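Note that the sequence shown covers residues 53 to 219 in the working numbering. Ideal Cβ positions, reconstructed from N, Cα and C, are used throughout, including at glycine. Remember, it's a predicted structure, so these values are computed and weren't measured experimentally.
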Amino acid sequence: MTQTADRCEQASPWSAREAEILAVTLALLQEHGYDQLTVEAVANAARASKATVYRRWPSKAELVLAAFIEGVRQVAVPPNTGTLRGDLLRLGEIISQECGQHAGTIRAVMVEVSRHPALNDALQHQFLDQRKAMIQHVLHQAVDRGEITEDVITDELWDLLPGYLIF
Numbered sequence: 053m054t055q056t057a058d059r060c061e062q063a064s065p066w067s068a069r070e071a072e073i074l075a076v077t078l079a080l081l082q083e084h085g086y087d088q089l090t091v092e093a094v095a096n097a098a099r100a101s102k103a104t105v106y107r108r109w110p111s112k113a114e115l116v117l118a119a120f121i122e123g124v125r126q127v128a129v130p131p132n133t134g135t136l137r138g139d140l141l142r143l144g145e146i147i148s149q150e151c152g153q154h155a156g157t158i159r160a161v162m163v164e165v166s167r168h169p170a171l172n173d174a175l176q177h178q179f180l181d182q183r184k185a186m187i188q189h190v191l192h193q194a195v196d197r198g199e200i201t202e203d204v205i206t207d208e209l210w211d212l213l214p215g216y217l218i219f
């Protein structure tokens with residue numbers, strides 16, 4: 053397996069308890085939205101103390117970003133339809149579903165990311181790098197099947213593909 057494929061299949065960086073708190077956060081976000089979400093509500097719903105939540109995520113914005121990234125990571129399985137075209141179409145479907153399901157969360161995360169450089173770095177390294185690794189995995193599968201050659205996988209392709217997959 054390639055290094056790219058290994059990165060796509062990484063286990064969660066969170067403990068089972070942390071993952072549970074993040075799942076509760078994501079559920080409350082989807083139910084109430086970012087502005088109505090409180091760390092206290094997350095702690096109560098997760099049966100944890102506010103201190104426990106704040107010890108791991110010092111701000112609501114960091115908690116929300118972590119919950120969003122973990123929620124997306126759980127469904128980020130590289131498709132293997134047997135063709136590059138099929139894989140890219142499937143990726144587009146997955147991205148569309150995620151965007152529809154998490155639209156409010158995405159908006160809130162992007163606002164907070166624009167305000168806090170540290171959150172922007174976290175988004176870059178934990179989310180965008182993960183997405184890039186998944187797309188690279190799909191492209192390398194196509195190379196292995198003989199559909200494309202390795203030399204077409206360039207940084208410019210990475211710049212173009214997300215837009216095509218979404219729009």
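- Gln88 sits exposed, since fewer than 16 C-beta atoms from the chains shown fall within 10 Å of its C-beta.
- Taking the Cα positions, Lys184 is about 13 Å away from Ile147.
- For the pair Leu74 and Ala128, the CB atoms are not nearer than the 9 Å cut-off.
- With contact defined as three or more Cβ pairs closer than 8 Å, the stretch 122–142 and the stretch 174–192 are in contact.
- Proximity to Gly198 across Ala174, Glu150, Thr135 and Met162 peaks at Thr135, based on C-alpha coordinates.
- With the rule of 3 Cβ pairs closer than 8 Å, the stretch 157–176 does not count as touching the stretch 100–108.
- Val195 is positioned such that its CB atom lies no closer than 9 Å to that of His154.
- Assignment of His168 by DSSP, reduced to helix, strand and coil, places it in the coil class.
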